[in-house]
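2 protein chains.
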Amino acid sequence: MNDQDRVRRPGGRSARVGAQVHQAVTGLINERGYGNFTVGEVAARAGVADSSIYRRWGSLESLLSDVALTRLNAQSPMPDTGSLADDLRTYAAQVAREITGPDGLLLVRLAVALSSDGGQGLRAADELRADRTRQLQSMLDRARDRGERTPDALDVLDHILAPMYIRVLFGMVPLTPEYVDGLVDRLL
Amino acid sequence: MNDQDRVRRPGGRSARVGAQVHQAVTGLINERGYGNFTVGEVAARAGVADSSIYRRWGSLESLLSDVALTRLNAQSPMPDTGSLADDLRTYAAQVAREITGPDGLLLVRLAVALSSDGGQGLRAADELRADRTRQLQSMLDRARDRGERTPDALDVLDHILAPMYIRVLFGMVPLTPEYVDGLVDRLL
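Laid out in structure tokens, this is it:
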């Protein structure tokens with residue numbers, strides 16, 4: 012689902028405002044980079060009042076985190092194939108596709124920037140990470156319940172996600188399917 | 012060796028200018044972040060002419076890359092202990108100390124920023140990475156020559172450096188000695 016679809020989707024004023032605000036944030040990040048715009052500028056571009064944004068999200072940092080999480084979840088829903096190896100391969104391939112795609116680095120940089128500006132940004136980044144970790148943990152818990160040998164969520168971060176992130180951040184692309192599958196096989 | 016020592020070190024005008032320019036760059040990055048200053052501002056702070064900087068470094072990007080590499084080499088020289096396990100543990104501990112130290116994230120962010128602004132920045136980042144990879148490769152080659160089983164340099168990047176970088180970038184610190192040694196042991 013792209014932003015355009017989301018705008019057209021029925022769901023009342025609240026969903027429409029949410030989509031417009033998300034789209035405004037993505038556009039501003041693309042044009043100016045994270046941190047180089049204000050709530051007022053997001054509001055103006057989205058065609059809503061500043062106060063609507065503060066009421067719903069509380070701060071620019073929470074809004075940015077919400078945008079990041081929404082896009083992550085839309086692009087990389089956690090798979091449930093019935094086997095951990097297949098779940099992890101599917102998940103890793105999704106993440107690889109997402110972070111090498113047009114908005115991909117944006118998301119990684121947003122997460123990095125949220126983590127590094129302290130205060131609210133740090134809390135927002137913690138929430139974003141906690142949310143994704145919970146989803147990953149559910150996938151791992153399902154595998155454990157099926158009796159499969161299961162790594163920790165932090166091992167998945169360290170040995171599947173981190174190498175892909177760093178290679179993309181350093182411009183060492185593309186991430187081939189062989190490379191991505193290899194990271195999963197090595198961990199399992 | 013800190014910048015102050017380097018300034019006082021004998022070695023003529025060229026070494027002095029180099030140290031002053033490096034110090035100016037570090038200060039400007041700390042105050043304004045990467046990308047938010049010009050060669051002219053570096054020159055003014057260092058007390059040298061713009062043309063001296065262009066003659067020696069060619070571009071702001073090459074200068075930034077040189078600063079990053081000089082600091083990396085000063086802070087994390089490649090160890091040569093006679094055993095790959097000890098070399099890698101020492102190296103990983105140095106990197107962990109450096110990236111969790113006061114200038115640490117600066118260097119990682121500089122490398123990331125150099126990689127992501129395209130053109131000259133990308134080439135400078137490639138050189139920086141190539142330089143460090145050559146040093147790492149020498150360490151691995153020495154181990155191979157001694158008959159030790161030796162991972163690829165890219166495996167070291169993926170499974171020792173990348174997890175530490177990502178944890179620091181995401182604010183998941185400190186990196187305990189147990190964690191860092193564990194990354195090395197797991198790879199070997």
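Quick note, the sequences are listed as chains G and C, same order. First residue of the first sequence: 12, per my numbering; consecutive thereafter. First residue of the second sequence: 12, per my numbering; consecutive thereafter. We treat Cβ as the ideally placed atom computed from N, Cα and C, and that holds for glycine.
The criterion of a C-beta distance shorter than 8 Å is not satisfied by G/L186 and G/A96. Counting other Cβ atoms within 10 Å of its Cβ, C/D77 reaches 16 or more and is therefore classed as buried.
The beta carbon of G/L39 sits closer than 6 Å to those of F48, all from its chain and outside the five residues before and after it, given in chain order. Chain C places no beta carbon closer than 8 Å to that of G/F48, leaving this residue out of the contacts. Of the candidates G/V184, G/T161 and G/L180, the residue whose Cα lies closest to the Cα of G/V195 is G/T161.
Taking the C-beta atoms as reference points, C/D98 is found no nearer than 8 Å to C/P88.
By the Cβ criterion, the segment 26-36 of chain C is not in contact with the segment 145-156 of chain G, since fewer than three pairs of Cβ atoms, one from each stretch, lie closer than 8 Å. Counting of Cβ neighbours within 10 angstroms places G/T101 among the buried residues, the total reaching 16 or more. Here the alpha carbons of C/D169 and G/Y176 stand approximately 10 Å from one another.
C/L168 belongs to the set of residues whose beta carbon lies under 8 Å from a beta carbon in chain G. Within the same chain, S87 come within 6 Å of G/Q105 by CB-CB distance, once the 5 residues on both sides are set aside.
Secondary structure of C/R155 (DSSP, three-state): helix. Within the segment 87-106 of chain G, contact with chain C at the beta-carbon level (separation under 7 Å) is assigned to no residue.
Shortest Cα-Cα distance from G/G182 to any of C/A79, C/R140 and C/A26 involves C/R140. The distance from the Cβ of C/V184 to that of C/T111 is about 5 Å, consistent with a contact at the 8 Å cut-off. At a Cβ-Cβ threshold of 8 Å, G/A103 and C/P174 do not count as neighbours. In the same chain as G/L151, and ignoring 5 residues on each side of it, the C-beta atoms closer than 8 Å to its own belong to L95, T161, P162, D163, A164 and V167, in chain order. In the three-state reduction of the DSSP assignment, G/L71 falls in the helix class. In terms of beta-carbon proximity, C/I177 lines the interface with chain G, with at least one pair separated by less than 8 Å. Boundaries for C/L199: no alpha helix (DSSP H) harbours it, and the DSSP string shows neither H nor E there.
Listed in chain order, the positions of the segment 178-189 of chain C with a beta carbon within less than 7 Å of a beta carbon of chain G are L180, F181 and G182. In the three-state DSSP reduction, C/N41 falls in the helix class (H, G or I). When C-beta distances to chain C are compared with 9 Å, the residues of the segment 139-154 of chain G below that value are R140, in chain order. Within its own chain, the residues whose Cβ lies closer than 7 Å to the Cβ of C/E159, once the five positions on either side in sequence are excluded, are L95, listed in chain order. For the set G/S62, G/A85, G/S149 and G/E109, the Cα lying nearest the Cα of G/G93 is the one of G/S149.
The beta carbon of G/P162 does not come within 8 Å of any beta carbon belonging to chain C, so the residue lies off that interface. A direct Cα-to-Cα measurement between G/E138 and G/I64 gives close to 19 Å.
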